[in-house]
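Engineer:
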Amino acid sequence: GDWVDESSSCKAQSARGFVRHEHEKAWAAAAAKLSLPLHVFRLGGIYGPGRSLLSSQAQSTTHDSSRDSSSSSSKRRRAQTKFITRVHVLDACQMI
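Just so you know, my numbering puts 80 at position 91 of the sequence shown, and the rest follows in order with no gaps.
1. Under DSSP, the alpha helix (DSSP H) around F30 begins and ends at which residues?
2. For A1 versus H10, is the C-beta spacing smaller than 7 Å?
3. In this structure, how does DSSP classify V78 when only helix, strand and coil are distinguished?
4. Considering only their Cβ atoms, is the gap separating R5 from G34 smaller than 7 Å?
5. With C-beta atoms as the reference, is A17 less than 7 Å away from L27?
6. Where S(-4) and V29 are concerned, what is the direct C-alpha to C-alpha distance, given to the nearest angstrom?
7. Once the 5 residues before and after A81 are set aside, which same chain residues still bring their CB inside 8 Å of it?
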């Protein structure tokens, strides 16, 4: 739910995320031992052919605060805003 950047700590929320983070640390240790550069790409959402759309998820997770009649329309709109990072699968391949 919070903004994430390069300085953010990794807080795995699932066993799968924990394993990914452990592997990332192993790659970092190997790169350091061999004095090799390492680039870590954490791609939060990859879309393209064969990938599901996130629109149904966004619709199903509308915040209850959007129904608060005492809030301004701007505040209600901000409460409904979802920030996600997505990259097309071909763009991710080009980046690598």
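Just so it is clear, CB atoms sit at the ideal spot from N, CA and C, and this is done for glycine as well.
Structural biologist: In brief:
1. Position 41 of the sequence shown, counted from the start, is the residue given in the question as residue 30. Here F30 belongs to no alpha helix (DSSP H), and DSSP marks it neither H nor E.
2. The residue you call residue 1 lines up with position 12 of the sequence shown. The residue you call residue 10 lines up with position 21 of the sequence shown. The answer is yes: Cβ separation under 7 Å.
3. One-based indexing of the sequence shown puts residue 78 at position 89. V78 falls in the helix class under three-state DSSP.
4. Working through the sequence shown from its first residue, we reach residue 34 at position 45. Working through the sequence shown from its first residue, we reach residue 5 at position 16. No, Cβ-Cβ distance for G34 and R5 is not below 7 Å.
5. As a working note, residue 17 is residue 28 in the sequence shown. As a working note, residue 27 is residue 38 in the sequence shown. Going by C-beta atoms, A17 is nearer than 7 Å to L27.
6. Here residue -4 refers to the residue found at position 7 of the sequence shown. Here residue 29 refers to the residue found at position 40 of the sequence shown. Looking at the two C-alpha atoms, the distance is approximately 13 Å.
7. Position 92 of the sequence shown, counting from 1, holds the residue named residue 81. Counting only Cβ-Cβ distances below 8 Å, and skipping sequence neighbours, we find F30, L32 and I35.
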